[in-house]
Amino acid sequence: MNLKVRLWTAAVAIAFGLTAIILNAYIGYTVAIACAVIAAGCVFELLRCMGITFRSPFFWCAEAYTLGMLLVFTPDYTSVARLRYIQAALCILLILSAVICALVVRKKDERGKIVFTAAVTALITVGFCCIAFWSTLYVMQDGVLPIVPLVVLLFCLLGGWISDTGGYFIGSNWGKHKLAPKISPKKSIEGLIGSIVSVPLVFLGVAWGAEAIARGQGWAFEVSYPLVLLLGLACSFVATGGDLAFSIIKRYRGIKDYGSIMPGHGGFLDRFDSVIFTSIFVTLAVALVPVFRDFSVI
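Our numbering puts the first residue of the sequence shown at 23, with every later residue one more than the last.
Listed below in structure tokens is the structure:
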């Protein structure tokens, strides 16, 4: 792998991401639109991986479902819709677990492939809806930028990416003991340790920076740092598990990457596989545990 190409691709992706996040504070929809485009790309890569082509009606149903969920339901959330959304995320995860258990039976018929692909499509959609959901809450209001939704949004993204990055650099330099050689030959126990160390540290840094900015603006913003530390620690395992889960699909289908749209990284799904899991996990964790209190937002 060309490290220079990988770094250039990452730099361009970060530039686009930061632009969308900054503009979102003023416009309110840029992150949600970006999520819709990337989610549709992820679903396309999944369908192609599973051998489902344009000729299949399911292909268009899956893409329409993903785009519809992200473009229609993300612009405006009420507190009731938020609660129902979280409940729906849990239900979909339970359904996905049931489908994966059923897959162990190894029934390789066409119907089973469609059901499994539908479950993973729902998982991808819910993951990106979580990101878009938080982006709709940090729009500038009367000169005040709600900081908690922005911090949670960053946790959703960084939980996956920092885990991948920390695991990659530590594992590539010091990795000697394979973590799951049959699923992902390049992953090592040392790389997992790198993820476990890097994610909590980054989470603590983001939370500390947000608290400092809030206090500088005169906002009463409280952070539970022990909970942030535990959240980061849990995210490192969730991200690794998400990466391995999508690697299982690749190994099952006999491919190396889901796509090639991001040189040096693969496809959208190769870069967002762990983020899909961490965004759902962070959304549920923050909804259930008092990690933050921001008195500038009612």
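We put the CB at the ideal spot given by N, CA and C, even for glycine.
If you draw a straight line from the alpha carbon of residue i to that of residue j, how long is it in whole angstroms?
i	j	result
Gly216	Phe177	17 Å
Lys209	Lys198	10 Å
Phe268	Val65	12 Å
Val319	Gly90	With a pLDDT of 41 at Val319, under the threshold of 50, the modelled position of that residue is not reliable, and no figure is offered here.
Val127	Gly134	In this predicted model, Val127 has a pLDDT of only 44, less than 50, meaning its place in the structure is not dependable enough to derive any value.
Arg28	Tyr247	33 Å
Trp241	Trp156	20 Å
Ile283	Arg293	11 Å
Gln163	Phe243	17 Å
Trp196	Glu212	7 Å
Ile184	Val221	6 Å
Ile192	Asp186	10 Å
Leu190	Ala33	As written in the sequence, residue 190 is Tyr, which differs from the Leu given in the question. For Tyr190 and Ala33, the distance between alpha carbons rounds to 17 Å.
Met239	Ala307	The residue you asked about is not Met; residue 239 is Gln in the sequence shown. Each residue's alpha carbon lies about 27 Å from the other.
Under the rule that 16 or more other beta-carbon atoms within 10 Å means buried, what is residue i, buried or exposed?
i	result
Phe76	exposed
Thr305	buried
Arg315	exposed
Tyr280	buried
Phe317	Because the pLDDT of Phe317 is 47, which lies under 50, any placement of that residue in the model is unreliable, and the number read from its coordinates should be weighed accordingly. It counts as exposed.
Thr88	buried
Pro79	exposed
Ile44	exposed
Gly149	buried
Lys272	buried
Leu92	buried
Gly288	buried
Are the beta-carbon atoms of residue i and residue j separated by less than 7 Å?
i	j	result
Ile205	Leu266	yes
Val161	Gly264	no
Ala86	Val173	no
Phe234	Val245	Looking at the sequence itself, residue 234 is Ala, so the reference to Phe does not match. No, Cβ-Cβ distance for Ala234 and Val245 is not below 7 Å.
Ala61	Leu167	no
Cys57	Ala154	yes
Thr300	Ala261	yes
Cys152	Ile302	yes
Ile169	Ile298	no
Thr31	Gly286	yes
Leu214	Val311	no
Sufficient close CB pairs (3 or more, under 8 Å) joining the stretch 218–225 to the stretch 170–187: Flag = yes, the stretch 218–225 and the stretch 170–187 touch.
Is the stretch 251–267 close to the stretch 27–43, with three or more CB pairs under 8 Å? Not touching, per the Cβ criterion.
Counting only runs of 3+ residues fully inside the stretch 137–204, write out the beta strand (DSSP E) ranges in chain order. Annotation: the stretch 137–204 contains the following complete segments of the beta strand (DSSP E) (minimum length 3 residues), in chain order: 200–202.
Check whether the stretch 136–146 touches the stretch 70–84, taking contact to mean three or more Cβ pairs, one atom from each stretch, closer than 8 Å. At 8 Å Cβ cutoff, the stretches touch.
4-residue-minimum alpha helix (DSSP H) runs that sit fully inside the stretch 39–77, ordered along the chain: Complete alpha helix (DSSP H) runs here, min 4: 52–71.
Just to confirm the assignment: which complete beta strand (DSSP E) runs, minimum length 3, are found wholly within the stretch 222–297? DSSP assignment within the stretch 222–297 yields the following whole beta strand (DSSP E) runs of 3 residues or more, N-terminal first: 243–245.
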